[in-house]
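K.L.:
Okay, handing you the structure first.
In my numbering, the protein residues as written are 2 to 384.
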C-alpha cells in the first residue's frame with residue numbers, strides 16, 4: 002500500500018484523475034468513516050434512478066460533520082444538483098468528496114461544479130516520493146507509475162494492455178463519446194507517437210486515416226477523460242517569432258507505450274527523450290496539485306532551434322526546466338535556459354538528466370532525476 006502525498010481539504014471537494022490512479026483507495030484511506038455512493042455499482046445506479054430521493058435521505062441521516070463520497074460522479078451528473086441543494090440548504094452540515102475520471106459528460110451537460118461551492122483537486126499516478134525513491138528509472142519510463150502496475154511489475158504489460166482496452170471499451174463506448182471506435186483506436190496509436198511533441202493535427206489525421214475535424218474532437222476526448230493534456234507555447238519576447246502550437250502529453254509513460262503498441266518491445270533510445278519529459282511533467286503537475294501552488298506550465302521554442310521544455314509561471318514568478326534523458330550533460334543542453342536566466346526571463350533554472358552527478362552550468366542547477374524529485378517534493382523547485 003502506497004502513502005499518497007495529497008491531503009484532503011477540510012471542505013467539500015472534487016477529485017479528478019484518470020482511471021487506475023488510486024482515487025477510490027485514497028478516499029477510503031483518508032475518509033474511512035465516510036458514507037459511500039459507488040456509482041460503478043449498477044444496483045446503486047438503478048436504485049438512484051428509480052428513487053432519486055434516496056440520495057438526500059441517506060445524506061440527511063448522517064451525523065453533522067460527516068463526509069459523503071460520490072465515486073465516479075460523471076456517471077450520474079444529476080446528483081450534483083442534489084449536492085448543490087443540500088449545501089445551499091444546510092451549509093457545511095455535511096462535506097462531500099466527489100471523484101471522477103472524466104469531465105466530459107459534466108461539461109456536455111453544462112454542470113457548473115456546484116458554482117464554486119467545492120474545491121477541485123487532481124489525482125495522478127505515483128510520484129517518485131510516493132515510491133519512496135526506490136525504483137529503476139528505465140522501469141518507470143517503460144511501464145509508468147500506475148499503482149497496480151508498480152505493485153505487480155511481473156504483470157505490468159498485461160495490466161497496461163488491459164488498461165488501454167478498458168479505456169476504449171468503457172470510457173469511449175459506454176459513455177458514447179464516439180460511435181467509430183475503430184477510427185478512434187487508429188487515432189490513439191498515432192496520437193501516442195506524437196507524445197511530447199508539437200502536434201500537427203493535419204498530419205495526425207492523415208496518418209490515422211481520419212478527417213481533421215474528427216481528430217480535433219478526438220483530442221478533446223483525450224483531454225476530457227484526463228488521458229492527455231496540452232502544453233501551450235510560452236512567448237516571453239514579442240520581438241522573437243516563437244513557435245505557437247501546443248505540445249501534447251499523455252498522463253503516464255506506461256500508457257503512452259500501451260497506446261502506441263510498444264509495451265512488449267524493449268525501451269529504445271529514440272523514445273527515451275519524450276518518455277523522460279513525460280515523467281518529469283507528471284512530477285511537476287503532481288507537485289503543483291499536492292502543494293496547492295497554482296500557476297501554469299508552458300514550453301518555449303523558436304524557429305532557430307532555441308528551446309526550453311517547461312516553464313512554470315505564477316504572477317511574476319517564473320521557473321525554467323530543461324530535460325535531457327542522456328547520462329552525460331553537455332554544455333549546449335543548457336544554453337537556451339542559461340540565456341533566459343541571464344536575461345532575467347526566468348528567476349530560477351533547473352535541468353533534469355539521466356546521469357548521476359549534481360552540476361551547475363552557468364547558473365542552471367543540473368540534477369539527476371531522483372535528486373530533482375526530492376527538491377521538487379521539498380518545495381525548492383517551484384516554491
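We put the beta carbon where it would ideally sit given N, CA and C, even for glycine.
Given that a residue counts as buried once 16 or more other Cβ atoms are within 10 Å of its Cβ, and exposed if not, what is residue 137?
P.N.:
exposed
K.L.:
For the region 266–294, list the alpha helix (DSSP H) runs that are entirely contained and at least 4 residues long, ordered along the chain.
P.N.:
270–291
K.L.:
Of all the options 104, 89, 93, 54, which has the alpha carbon lying nearest to the alpha carbon of residue 78?
P.N.:
104
K.L.:
According to DSSP, is residue 346 helix, strand or coil?
P.N.:
Residue state, collapsed to three classes: coil.
K.L.:
Among 196, 38, 101, 229, which one has its Cα closest to the Cα of residue 274?
P.N.:
The option with the nearest alpha carbon to residue 274 is 196.
K.L.:
Return yes when the Cβ of residue 350 is within less than 8 angstroms of the Cβ of residue 364, no when it is not.
P.N.:
yes
K.L.:
Should residue 347 be labelled buried (16 or more other beta-carbon atoms within 10 Å of its own) or exposed?
P.N.:
buried
K.L.:
Buried or exposed, going by whether 16 or more other CB atoms sit within 10 Å of the CB of residue 13?
P.N.:
buried
K.L.:
Give the DSSP bridge partners of residue 122, in chain order.
P.N.:
BP columns for residue 122 point to 16.
K.L.:
So what's residue 36 in DSSP terms, helix, strand or just coil?
P.N.:
Three-state result, residue 36: strand.
K.L.:
Apply the 10 Å Cβ neighbour rule to residue 95 and answer buried if 16 or more other Cβ atoms are within range, or exposed otherwise.
P.N.:
buried
K.L.:
Measure the C-alpha to C-alpha separation of residue 20 and residue 336 and round it to an integer number of angstroms.
P.N.:
39 angstroms
K.L.:
Alpha carbon to alpha carbon, how far is residue 327 from residue 123? Give it in angstroms, no decimals.
P.N.:
Distance between the alpha carbons of residue 123 and residue 327 is about 31 angstroms.
K.L.:
Mapping the DSSP letters down to three states, classify residue 362 as helix, strand or coil.
P.N.:
strand
K.L.:
For the beta strand (DSSP E) containing residue 101, list its first residue and its last residue.
P.N.:
96–101
K.L.:
If you reduce the DSSP assignment to three classes, tell me which class residue 198 lands in.
P.N.:
strand
K.L.:
Taking the CB atoms as reference points, tell me whether residue 17 and residue 101 lie closer together than 8 angstroms.
P.N.:
yes
K.L.:
Would you report the Cα separation of residue 164 and residue 344, rounded to the nearest angstrom?
P.N.:
46 angstroms
K.L.:
Beta-carbon within less than 6 angstroms of residue 373's beta-carbon, same chain only, minus the 5 sequence neighbours each way: which residues are those?
P.N.:
353
K.L.:
Return helix, strand or coil for residue 131, following the three-state DSSP convention.
P.N.:
Coil.
K.L.:
In angstroms, rounded to a whole number, what distance separates the CA positions of residue 128 and residue 287?
P.N.:
7 angstroms
K.L.:
Output needed for residue 74: all residues of its chain with C-beta closer than 6 angstroms, excluding positions within five of it in sequence on either side, in chain order.
P.N.:
Cβ neighbours of residue 74 beyond the five flanking positions: 99, 101.
K.L.:
On the DSSP letters alone, give me the boundaries of the alpha helix (DSSP H) that residue 250 sits inside.
P.N.:
Here residue 250 belongs to no alpha helix (DSSP H); instead the beta strand (DSSP E) covers 248–251.
K.L.:
Specify, as a first and last residue, the run of the beta strand (DSSP E) that residue 311 falls within.
P.N.:
308–315
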